[in-house]
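Student:
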Ligand SMILES: [Zn+2]
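Numbering (my numbering), first residue to last: 16 to 327.
1) I want to check one thing, is the minimum distance from the CB of residue 95 to the heavy atoms of ligand 1 below 7 Å?
2) Could you check which residue in 226, 221, 156, 269 has the C-alpha nearest to that of residue 257?
3) Pop quiz: residue 268 and residue 294 are said to be a contact at Cβ under 8 Å. What is the actual Cβ separation, rounded to whole angstroms?
4) Given a cut-off of 8 Å on the beta-carbon distance, is the pair residue 213 and residue 143 in contact?
5) Find out if the Cβ-Cβ distance for the pair residue 188, residue 201 is shorter than 8 Å.
6) Need the endpoints of the beta strand (DSSP E) that residue 172 sits in, please.
7) Residue 158 to residue 167, Cα distance in whole Å?
8) Give a yes or no on whether the C-beta atoms belonging to residue 182 and residue 223 are separated by under 8 Å.
9) Using DSSP's beta-bridge definition, name the partner residues of residue 139.
10) By Cβ distance, which residues of its chain are closer than 8 Å to residue 278, with the 5 residues on each side in sequence left out?
11) Between 141, 297, 151, which has its C-alpha nearest residue 274's C-alpha?
12) Out of curiosity, what's the CA-to-CA distance linking residue 235 and residue 48?
13) Going by the CB atoms, is the gap between residue 110 and residue 89 shorter than 8 Å?
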């Protein structure tokens, strides 16, 4: 396999595909993608704020000058994949119906409010999101939605959108470019960083990994972290299976979710970024086992647990 440098900026993957990478891939430092054919382009995701998205679009100008972006696909509803949408003017914006709905639930103003909240809530959230500027963002929602699968034609290049969520979020979508043997996975893959199961169930996410492992792809662009291949998919799958088994054991033993997250020995996964996300992942397994959903106030508590585990 070819290995790609993990440096900030646009990387030419060949066959009209590009990855825009933002090390170190931690909270909010997401990747995006570009597919170009015969004078038109499709953008996979925008970034977390307007400054970062503008910088990315400038870096892409050498390509998009001759092949303008006609379509944006948002892989899911998290802000680091869609808050920059307003800067891609005139393009059709495509997402799964579930992702489009979820975008209305966590508007930029909510994150901005949490990061600027007085006292320890503000202090907590600025540890995670302090590097970003959520001002000036106009929520810009998808103009076209779908469920299941949607094939797009970009300058004669076939692009397959495959909904695999709910998993990381409610409506995760993979962007597969068969002729380039390339897939953009959104946050269905975090590489060298810890996956976070906001929606679940984990079983859906494992199924998504199996789907990717079964495709004829060589180049795999994750939502966060360096470009990888199927070995990266396998590592994420292994992590998810491990967490589900360990959390289930502790649930059966009557341990609380918070204690279980502290108790699970992460082994080499302890070297991945943001390993404290085990707190959210264990909580998700518990919710699935108990058939209960999240409540609003819970999010702050989950961020507290993650910060505590990582000693932030
Ligand atoms: Zn992300």
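Ideal Cβ positions, reconstructed from N, Cα and C, are used throughout, including at glycine.
No experiment lies behind these values; they were computed from the predicted model shown.
Tutor: The structure says:
1) In this structure, the C-beta of residue 95 approaches ligand 1 to less than 7 Å from one of its heavy atoms.
2) 221
3) Wrong, their Cβ atoms sit about 18 Å apart, outside the cutoff.
4) no
5) In this structure, residue 188 places its C-beta atom within 8 Å of the C-beta atom of residue 201.
6) 172–178
7) 14 Å
8) yes
9) Note: residue 139 sits in no beta bridge, so no partner.
10) 265, 270
11) 297
12) 11 Å
13) Cβ distance < 8 Å, so residue 89 and residue 110 count as in contact.
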